[in-house]
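What follows is a set of notes on a single structure, which appears directly below.
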Amino acid sequence: MIDLVDYFLTLIVTAMIVNLGLALYGIFFRPSMIKKIIALTILGDTANTFAIILGYRRWPSPKTPSRPPVLVNYTDATPDTLKEFVGRAVDPLPQALVLTAIVIGLAVTLFMVFLTLQIYRAYGTTDMRKIKKLKG
Amino acid sequence: MVDLSGLAYDLTGLTVPLIAIFAFILPLISKIVKNKYFPGIYALIVTLFATLSTTIIFMYLGSTLEHKTYTFRNITFNATISKPIVYGFGGWPPPIGISYEVDGLNSLIGVYIGWIMLLIVLFSLWYNRNLDEPEWYYTLLLGFEAGVLGCLYTGDAFNLFVMIEVLAISSYALIAYHKNNPGSIEAAIKYGILGATATTIYFIGLMIIYGIYGTLNMGHILYKNLQVFGNVMIGEAPPGLVLATTLAVSLALWVFTLKSGLFPNHFWLPDAYSEAPTPISAALAGLSEVIGIYVVIRFLYTVFPAFSPIGYYYRGLILEILLILGFLGGVVGALMMFIQRDLKRLLAYSSISHIGLIFMTLSIGFLALPMKRLDSILVIAFTAVVTHIIAHGLGKTLLFMSSEIFIESSGTKIMDDMRGVGRKYPWVSLAFIAGFLNLMGAIPFIGFFSKLLMYQAFIESGLLLAAIGVIIVSALSVPGYAKAIYAIVFSTPTREYRLVKTSGFKVLIIIIALALLLLGVFYSYIYSMISEYISSSITMGGLFNYERAFHEAFSKLMG
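For the record, the sequence lines run as chains S and V.
Counting from 140, one number per residue, gives the positions in the first sequence under our numbering.
Counting from 495, one number per residue, gives the positions in the second sequence under our numbering.
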């Protein structure tokens, strides 16, 4: 019997590693600027998924399926129930970090798209192989 | 003597957010005030504030320095004690909230950055007539300054990511400022794609660090490193700790070596320098590269020092690789400089060469020597690094300023078409030659003393090959500089050049040239000052200073 939680987590991690490779390939080897930008966003999303997975906690043991962290009656919360609540909740810090990273990623993508537009206006192409005015 | 502690504490938290706020309200104000010079004056005032505040923080750190002698298990050693400023934003104690932490190294580079930024803004004011939309230029320039100072003063690894993105996006946009020039766009897009990839990789590295240590505060990571170090030495580290930390640090280093243009990552740099507006070339050479160097030092000497899991295993390897890459970068930069025809590209390759020298020297910490001896070598080496940063940054700013005069006068960047243009501006040419002599390491200039100290550090540590390497790189770069001086100043003019008005700007250039000379002549005072700051931050005692300040701030804010 396959553990479903384990199965899906393994699937996500595998997909992340494959995505990482694909994104780096896309950034460095695809000639089209637009495809480079798409690969860049895939890279950013992979990093964000990685961060979210780091914050995931399985409670009370890795084998049991986790339940959502909800305080049913918060009026008579004891230290024990609060402890359980904290243990059941996911780590909130990576989510805050990912939120920041997404906003920054948006800014970078927007700027890259603007530059690509200017490149297209100047050269009439977005193929980076044909844009070789500078020697590098 | 006035008490600076409260003021310095407030300014640590205030400077970066204030610059960012002033940057973003500039476009709004310039909708009302239509004067073409207004954004420049506005940026000058904001930058003056930043210069003042970095200087006050620097002076406060200097006033806290004191020598103490400790005896520990029959070994007496001298330590320089400093009291780093830890500013917790929003009143949150350090590991919970974002905090800025300024120690000796930070404040020393901070005062350098404040003053160079002032020169860059003055340069931009002279360059103002080439700017079609000055309000956006100065918004980006102030954003750049906020990013640089944020990267420098931050004590939080994630805040460093945010600030490096602020710095990066403003520098891409500034490189592409002349947006109808295809070359600028191409340079910006090359740098942009690489920089964005590298910062994302840094984010992944950061997440690995968070996964291992459960914290992103630099002082807290250092504290945990010092705690587990004993376990690592007796082989009882948690499984995977060392490998995961090594992976994280290697991933994190890429973006900073890319920013500073270390050898295999240098290819974006000449394009960006030659196509950006000239004040921005100077800013990239003087500030953005320094941030890369600073963060590498911070990561490998404070956050993950020799007394950490990675320090016991792979840190030495990383530093050795940096030493070799630094040497290769120095040689490649020096050789490529000689075959350049474009003046700004020549200056860019000279930057690559100098960054190589700096990376060679900063990697000296891999030596397995007794602690006391290693500390004394580290102080010499890092005094050399900071002196070279100052010499290179000031010299490059001077050279970009004077070459902009020559470029505007001749209307081209190609050196063959600007033969003898310097003869029209004798004072500027004198300063231009002084700048090159400083980069070469000629004797009365400060550049000589930094190279001498590098050499001395390598000789004292027994790395004879590296010491010879410093000499080889210096010698190889001489023909490139000589070529530029000869083409611009000494060869006979072949055509008529336009005379550019340089009244006030000329005085500024001459002052910088004199400063280079005077810093060299009075170097003994500067040496003792810099080495005090360095020995309070890089050495073993410096680690404890950093870590103690973190704990004191924690307990103070927790009440």
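Glycine included, every Cβ here is placed at the ideal spot set by N, Cα and C.
- Taking residue 630(V) as reference, the option from 562(V), 719(V) and 530(V) with the minimal CA-CA separation is 530(V).
- Not flagged as an interface residue toward chain S: residue 740(V), since no C-beta distance is shorter than 9 Å.
- Chain-ordered, the chain S residues with CB closer than 9 Å to the CB of residue 666(V) read 247, 250, 251 and 254.
- A distance of 9 Å or more separates the beta carbons of residue 853(V) and residue 889(V).
- Within the segment 655 to 680 of chain V, those residues whose Cβ lies closer than 7 Å to any Cβ of chain S are, in chain order, 656, 659, 663, 666, 667, 670, 673, 676, 677, 679 and 680.
- In this structure, the straight-line span from the alpha carbon of residue 987(V) to that of residue 914(V) is close to 4 Å.
- Under DSSP, the beta-bridge partners assigned to residue 580(V) are 595(V).
- In this structure, the alpha-carbon of residue 516(V) lies about 29 Å from that of residue 1051(V).
- By the 16-neighbour rule on beta-carbons within 10 angstroms, residue 143(S) is exposed.
- Taking a contact as a CB-CB distance under 8 Å, the pair residue 1003(V) and residue 892(V) counts as one, their CB atoms being some 6 Å apart.
- Within the same chain, Cβ atoms closer than 7 Å to the Cβ of residue 537(V) are found at 615, 632, 635 and 636, the five residues on either side in sequence being excluded.
- With respect to chain S, the C-beta atom of residue 691(V) has a partner C-beta closer than 9 Å.
- Residue 560(V) carries a strand assignment under DSSP once its states are collapsed to helix, strand and coil.
- Residue 257(S) reaches chain V at 673 and 679, counting residues in chain order whose Cβ is nearer than 7 Å.
- Taking C-beta atoms as the reference points, residue 925(V) and residue 896(V) count as a pair closer than 9 Å.
- Of the other Cβ atoms in all chains shown, fewer than 16 fall within 10 Å of the Cβ of residue 268(S); this residue is therefore exposed.
- Three or more Cβ pairs closer than 8 Å define a contact, and the segment 679 to 692 of chain V meets that threshold against the segment 766 to 781 of chain V.
- At a cut-off of 9 Å between C-beta atoms, residue 233(S) counts as an interface residue with respect to chain V.
- With respect to the 9 Å criterion, residue 796(V) and residue 745(V) are not classified as neighbours on the basis of their beta carbons.
- Between the segment 655 to 673 of chain V and the segment 770 to 787 of chain V, the count of Cβ pairs shorter than 8 Å is three or higher; the stretches touch.
- Shown here for residue 697(V): same chain residues with a beta carbon closer than 8 Å to its own, the five before and five after excluded, namely 655 in chain order.
- Note on geometry: alpha-carbon atoms of residue 1032(V) and residue 742(V) lie some 22 Å from one another.
- Under the Cβ criterion (8 Å, minimum of three pairs), the segment 866 to 874 of chain V counts as touching the segment 950 to 959 of chain V.
- Residue 977(V) is not a Cβ neighbour of residue 882(V), given a cutoff of 9 Å.
- Note on geometry: alpha-carbon atoms of residue 1012(V) and residue 264(S) lie some 53 Å from one another.
- Bounds of the alpha helix (DSSP H) holding residue 659(V) are 651 to 669.
- The segment 904 to 920 of chain V and the segment 961 to 975 of chain V do not touch, with fewer than 3 CB-CB distances between them shorter than 8 Å.
- Proximity of chain V to residue 189(S) at the Cβ level (cut-off 7 Å) is accounted for by 698 and 701, in chain order.
- For residue 262(S), the closest Cβ of chain V is nearer than 9 Å.
- Leaving aside the five residues that flank residue 581(V) on each side, the residues in its chain whose CB is nearer than 7 Å to its CB run, in chain order, 503, 506, 507, 593 and 594.
- Taking CB atoms only, residue 652(V) has a neighbour in chain S less than 9 Å away.
- For the pair residue 196(S) and residue 229(S), the CB atoms are nearer than the 9 Å cut-off.
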